[in-house]
Structure formats: C-alpha cells, structure tokens
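Enquirer: Structure provided below as structure tokens; questions to follow.
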Amino acid sequence: MKEVTVISGSKKGFTASYADKHCRLEYTGWMSRKADIYIGDELYTVAPTSFFSSSADVLKNGRPVLQLRMNWKGDTKISASKESGRFYTFKHKGFFTSGFMITDDKGTELIWVESKFKWSKFNSNYTISASESFHYEGNELLVMVAVYCANYYASMQVAVL
Numbered sequence: 647m648k649e650v651t652v653i654s655g656s657k658k659g660f661t662a663s664y665a666d667k668h669c670r671l672e673y674t675g676w677m678s679r680k681a682d683i684y685i686g687d688e689l690y691t692v693a694p695t696s697f698f699s700s701s702a703d704v705l706k707n708g709r710p711v712l713q714l715r716m717n718w719k720g721d722t723k724i725s726a727s728k729e730s731g732r733f734y735t736f737k738h739k740g741f742f743t744s745g746f747m748i749t750d751d752k753g754t755e756l757i758w759v760e761s762k763f764k765w766s767k768f769n770s771n772y773t774i775s776a777s778e779s780f781h782y783e784g785n786e787l788l789v790m791v792a793v794y795c796a797n798y799y800a801s802m803q804v805a806v807l
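Going by my numbering, the sequence shown opens with residue 647, and the numbers climb by one from there.
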C-alpha cells in the first residue's frame, strides 16, 4: 500500500509531495469553497457552481476538467469529461472513524483518506493510501480533489454542530 502525507501548512492550505511532484491546495479565503490546486506548475481552480455549494467545477484555463456533485447521502460524485464517461465516488468510511474513500465507477476502492486532527493547531493533516492498482502518477489532481472533499466534509460536520 502506497501512502502520501498531506500537511496543513496554514489555515488556508495543504501541501503534498510525491513522485517528484509538489502539490498544493490553497483556499482563496477563510471558510471559502473556492480553492486553487497547484500540481507542479499547473493551476486548477475549484469554483462552486450552486447556491448551496453542493456542487463545484474544477477548472483548468477556464475549462471544466472535473465536476463535483454532492448527493443527499453525503457522497460526492467526481466526474471527468462527458466523453470519457468515467466517474468516482468520494464517501465517508465508517461511523466512528474519520476516514474517507474514493471508488471508481465499478465500485473498486482506489484511495483511502485518513484525517488526523491536531487540536494544538486546530487543523487536520491527511494520510492518503492507495490500492495497488492505483497509480499516483497522472492522478495527482484526483488526490488533491480528495483532500478538498475531505476538508469540505469536515467543515460541514462542524457547521452542523
């Protein structure tokens, strides 16, 4: 099982390094749904598309690359371009655990995201584990979107409390 640690560098961002790639997720403001994802020199923007922020698009050069849609069960559907027909599902894993997983369109578990909350800094770090069939190379965006979804899920839980 391959693991990547995603570290919260500040209140508004996360960093991860693996496979000679440096990745960052930076929110545009505190408690904002808008975020920028940097993978090497490439910039992706996460922009909410609905009033209640239950959906968002991941844009590269103003064009949608991925679509994120939250459903009533709390799962988030991550879909690529309509031509490819591929989609992933991000969902909470367990009742008493603080873990999440991403499955592909066949239901195969690809990525597990474990949250580690630090009370001293009041933020979370994430440990991402991948199945043997999942390759980080070429899927850096999916990994950083998983961190975005996990952070969004955690913020929604806090908002309910």
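C-beta atoms are modelled at their ideal positions from N, C-alpha and C, and glycine is treated no differently.
Report the option in Arg-715, Thr-691, Glu-688 whose CA atom is closest to the CA atom of Phe-697.
Expert: Minimum Cα distance to Phe-697 is reached at Arg-715.
Enquirer: Does DSSP classify Glu-786 as helix, strand or coil?
Expert: Here Glu-786 sits in helix by DSSP.
Enquirer: Excluding the 5 residues flanking Leu-807 on each side, which residues of the same chain have their C-beta closer than 6 Å to its C-beta?
Expert: Its pLDDT being 48, under 50, Leu-807 is placed unreliably in this model, and the coordinates cannot settle the point.
Enquirer: Check the C-beta distance from Ser-775 over to Glu-649 and give it rounded, since I have them as a contact under 8 Å.
Expert: Going by Cβ atoms, the distance from Ser-775 to Glu-649 rounds to 5 Å, so yes, they are a contact pair.
Enquirer: Grab me the residues of Thr-674's own chain with a C-beta within less than 6 Å of its C-beta, minus the 5 sequence neighbours each way, in chain order.
Expert: Around Thr-674: Lys-680.
Enquirer: So is Ser-663 buried or exposed if we call it buried at 16+ other beta carbons inside 10 Å?
Expert: Ser-663 is exposed by the Cβ-count criterion.
Enquirer: Please work out which residues of its chain come closer than 6 Å, Cβ to Cβ, to Lys-691, disregarding the five sequence neighbours upstream and downstream, and give them in chain order.
Expert: For the sequence presented, residue 691 should be read as Thr rather than Lys. Result list for Thr-691: Asp-682, Leu-705, in chain order.
Enquirer: I need the boundaries of the beta strand (DSSP E) containing Ala-662, first residue and last residue.
Expert: Segment 659 to 664, the beta strand (DSSP E) holding Ala-662.
Enquirer: Tell me whether Ala-792 sits in a helix, a strand or coil according to DSSP, three-state version.
Expert: Helix.
Enquirer: Assuming Phe-736 and Thr-722 make a contact with CB atoms under 8 Å, what is their CB distance in whole Å?
Expert: 4 Å between Cβ atoms; contact.
Enquirer: Going by CA-CA distance only, name the one from Leu-671, Tyr-782, Asp-751 that's closest to Leu-821.
Expert: With the chain covering 647 to 807 only, the question about residue 821 has no answer from this structure.
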